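Numbers given in our numbering equal positions in the sequence shown, counted from 1, plus 2.
As structure tokens, the structure follows; a few thoughts come after it.
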Amino acid sequence: MAIDAIVERLEGVDIGVSAADAENVELLYRFGDLLLRYRDWMEQECEKKFLDVLAFRWEEFTNQAPRDDSSFEVVNSTWLTVQAKAQEVEPSDYIHYRICFNGNGVLDVIMLRL
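Quick look at the structure:
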């Protein structure tokens, strides 16, 4: 009997970040929270706060990330599983988001599920 591997996949979500043509992306991590600041396509300064962050990373675009301007939930996230085990927390209590900022890069955030 074959066991199907759990496959990581992206599902589009609206988390209140308009990443289309965003510029000047800044990250500030403090006391377990991550503040994302950026200038949106209308030249407006925007920010989004992620609470109770387990882990985050910023990467240049790779073939692993969609070259897009959207936000996603990473379902069956391998990275979430590894981080939860390393920090001895329950993986189901956390959610992994991937925010793609066109040519700027990709922000991955694992935060406490609200």
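Using N, Cα and C, we set each Cβ at its ideal position, and we do this for glycine too.
Owing to the predicted nature of the structure, the values given are computational and were not obtained by experimental measurement.
Contact under 8 Å by Cβ, residue i with residue j
i	j	result
residue 23	residue 104	yes
residue 51	residue 35	yes
residue 14	residue 61	no
residue 96	residue 86	yes
residue 27	residue 73	no
Distance between residue j and residue i (C-alpha atoms, nearest Å)
i	j	result
residue 56	residue 70	25 Å
Candidates the options: closest to residue i by CA position
i	options	result
residue 1	53, 14, 12, 19	An answer regarding residue 1 cannot be provided, because it is not within the stretch 3 to 116 covered by the chain.
residue 109	42, 59, 39	59
Residue i, buried or exposed, once every other Cβ within 10 Å from all chains shown has been counted against 16
i	result
residue 100	buried
residue 21	buried
residue 82	buried
Which residues DSSP lists as bridging residue i, in chain order
i	result
residue 92	Answer is none; residue 92 lacks a bridge partner.
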